[in-house]
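Here's the structure we're looking at; comments come further down.
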Amino acid sequence: MDNDRVDQIIDKHNGEASSLIQVLLEIQSEHHWLPKSALERVGERLQVPRTRILHIATFYKAFSLVPKGRHEINVCMGTACHVRGAGRVLDVIEDVIGIKPGETDLELKFSLETVNCLGCCALGPVLEIDGTTHGKMAPGETADVLLNYE
Amino acid sequence: MSEILLEIDGQKVKAKTGMTVLEAAKAAGIRIPTLCYHEKLEPYGGCRLCIVELGAGERKKIVVSCVYLAEEGLVVTTRSEKIDRIRRTIIELYLAHAPDAFELLELAKEYGADRDRFAKEASFCVHCGLCVRYCAEVKKKFAVGFVDRGTRKEISFVPEIAAEECWDCKECFPLCPTEALQAAFVLMRALSL
Chain A
-3 MDNDRVDQII
7 DKHNGEASSL
17 IQVLLEIQSE
27 HHWLPKSALE
37 RVGERLQVPR
47 TRILHIATFY
57 KAFSLVPKGR
67 HEINVCMGTA
77 CHVRGAGRVL
87 DVIEDVIGIK
97 PGETDLELKF
107 SLETVNCLGC
117 CALGPVLEID
127 GTTHGKMAPG
137 ETADVLLNYE
Chain B
943 MSEILLEIDG
953 QKVKAKTGMT
963 VLEAAKAAGI
973 RIPTLCYHEK
983 LEPYGGCRLC
993 IVELGAGERK
1003 KIVVSCVYLA
1013 EEGLVVTTRS
1023 EKIDRIRRTI
1033 IELYLAHAPD
1043 AFELLELAKE
1053 YGADRDRFAK
1063 EASFCVHCGL
1073 CVRYCAEVKK
1083 KFAVGFVDRG
1093 TRKEISFVPE
1103 IAAEECWDCK
1113 ECFPLCPTEA
1123 LQAAFVLMRA
1133 LSL
């Protein structure tokens, strides 16, 4: 992410230090992670010490300080999904992409995470990719869903 | 600044408005144990050792004296069976993180805390925030801060700032209630990355 884009985001928030989290969230959602250069720029422009930015960026799970894939997969491991076989769905995904939860593949295509409830238990097992919900996943169908993403 | 009158451990104590209960007690020579308090720093309320009881009789409440402002007519008790019990547990929890810290062992002796009550998980840090706050508030260098949260929360130096500022300062080391081991170790790690 280049500094010009970071500057644009900061300008949108009028360079106010109180908008720190909003700025970080926007960088995160556009770039999928927070590169060091962007954090340094944010600190400079918003006049926020680096320690505070790091504290916030490591506190919230929404932020990542390591590169993430273009597509973010969230596999629901909540109680309902769990009893309906979310474990097997996760196994299939791990096999197909070759990564474990919390990891990102080498091509930066997918990042895999488990979550604890997406709030639509009737659709379990549920899988969310880039915000799109895929319900009633059978382990056999899971690989086909992943093929739709480039 | 107007003066207020309160009672601490049966002793009449004068304080100025804006003073915390802890400061009022200190001024009157009444000792309340603390780990995260430092006179140059903003009150933090992190270690919870300075808890005191307010009120008398049936209606007592426990407050953290380092962040509770003194009020006119307040009746404060700094030691009681209940307070000692809570402080003992807090000390025992801290000892799980820093089993050999002198300051903690001394408090443990005073309050009869069992050093081995909780399984050891020595991180040498009790999250008092003294180093972090001193660096930010007094030195204004922001070289050390907290990262992560919950059980994984720890202090961390920013290598670029630490490389320039820390060697000639190190003023945060002696502040550490767990003997500076943690800060020294984390600083070395940050600089060797």
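Protein sequence lines correspond, in order, to chains A and B.
Residue numbers for the first sequence follow our numbering, beginning at -3 and rising by one.
Residue numbers for the second sequence follow our numbering, beginning at 943 and rising by one.
Beta carbons are placed, not taken as given, at the ideal position from N, Cα and C, and that holds for glycine.
All of these numbers come straight from a predicted model, not from anything done at the bench.
For chain A, find out if any of its Cβ atoms is closer than 8 Å to the Cβ of residue i; answer yes or no.
{"i": "ALA1078/B", "result": "yes"}
{"i": "SER1007/B", "result": "no"}
{"i": "ASP1026/B", "result": "no"}
{"i": "VAL1086/B", "result": "yes"}
{"i": "SER1158/B", "result": "Because chain B in this structure spans residues 943 to 1135, residue 1158/B falls outside the shown range and cannot be described."}
{"i": "ARG1030/B", "result": "no"}
{"i": "SER1134/B", "result": "no"}
{"i": "SER1098/B", "result": "yes"}
{"i": "ARG1131/B", "result": "no"}
{"i": "ASP951/B", "result": "no"}
{"i": "VAL1068/B", "result": "no"}
{"i": "ARG1091/B", "result": "yes"}
{"i": "ILE1103/B", "result": "yes"}
Give me the Cβ distance between residue i and residue j, rounded to the nearest whole Å; I'm assuming they're in contact under 8 Å.
{"i": "GLY1054/B", "j": "ARG1030/B", "result": "6 Å"}
{"i": "ILE972/B", "j": "ILE950/B", "result": "5 Å"}
{"i": "VAL988/B", "j": "LEU50/A", "result": "As written in the sequence, residue 988/B is Gly, which differs from the Val given in the question. Not confirmed; about 19 Å, so no contact."}
{"i": "THR64/A", "j": "THR110/A", "result": "Looking at the sequence provided, one finds Lys at residue 64/A rather than Thr. Not really, about 15 Å apart at Cβ, beyond 8 Å."}
Identify every residue that forms a DSSP beta bridge with residue i.
{"i": "ASN70/A", "result": "GLU109/A, GLU124/A"}
{"i": "GLU995/B", "result": "ILE1004/B, THR1019/B"}
{"i": "VAL1089/B", "result": "GLU1096/B"}
{"i": "GLU949/B", "result": "LYS954/B, VAL1017/B"}
{"i": "LEU888/B", "result": "The structure shown has nothing for residue 888/B, since chain B only spans 943 to 1135."}
{"i": "THR100/A", "result": "SER107/A"}
{"i": "THR129/A", "result": "GLU124/A"}
Out of the options, state which residue places its alpha-carbon closest to the alpha-carbon of residue i.
{"i": "GLY120/A", "options": "ARG80/A, LEU102/A, GLU40/A", "result": "ARG80/A"}
{"i": "ALA998/B", "options": "LYS1095/B, CYS1111/B, SER1022/B", "result": "SER1022/B"}
{"i": "ALA1078/B", "options": "VAL44/A, GLU40/A, GLN24/A", "result": "VAL44/A"}
{"i": "GLU1045/B", "options": "VAL1128/B, LEU996/B, PRO975/B", "result": "PRO975/B"}
{"i": "LEU42/A", "options": "GLU137/A, HIS78/A, GLY65/A, GLY11/A", "result": "GLY11/A"}
{"i": "ALA82/A", "options": "SER60/A, ARG48/A, CYS113/A, PHE55/A", "result": "CYS113/A"}
{"i": "ASP0/A", "options": "ARG37/A, GLU22/A, SER25/A, LEU16/A", "result": "ARG37/A"}
{"i": "LEU1035/B", "options": "THR1020/B, VAL1086/B, ASP1056/B", "result": "ASP1056/B"}
{"i": "ARG990/B", "options": "ILE1032/B, GLU1107/B, LYS1095/B", "result": "ILE1032/B"}
{"i": "SER944/B", "options": "GLY960/B, CYS1070/B, VAL1005/B", "result": "GLY960/B"}
{"i": "THR1120/B", "options": "TRP1109/B, CYS1070/B, SER1098/B", "result": "CYS1070/B"}
{"i": "LYS1112/B", "options": "THR1093/B, PHE1084/B, ARG1094/B", "result": "PHE1084/B"}
{"i": "VAL88/A", "options": "ALA34/A, LEU108/A, PRO63/A, ALA58/A", "result": "LEU108/A"}
{"i": "LEU143/A", "options": "VAL122/A, GLY131/A, PHE106/A, THR110/A", "result": "PHE106/A"}
{"i": "ALA118/A", "options": "ILE5/A, GLU103/A, CYS72/A", "result": "CYS72/A"}
{"i": "ASP928/B", "options": "LEU947/B, CYS1118/B, THR1019/B, SER1134/B", "result": "No statement about residue 928/B is possible, as the shown extent of chain B runs from 943 to 1135 and does not include it."}
{"i": "LYS1024/B", "options": "LYS1002/B, GLU1014/B, GLU1013/B", "result": "LYS1002/B"}
{"i": "ARG1027/B", "options": "GLU1106/B, GLN953/B, LEU1049/B", "result": "LEU1049/B"}
Mind checking if residue i is an interface residue toward chain B, Cβ cutoff 8 Å exclusive?
{"i": "ARG48/A", "result": "yes"}
{"i": "PHE55/A", "result": "yes"}
{"i": "HIS78/A", "result": "no"}
{"i": "HIS51/A", "result": "yes"}
Residues within the stretch 35 to 47 of chain A neighbouring chain B, beta-carbon criterion of under 7 Å: PRO45, ARG46, THR47
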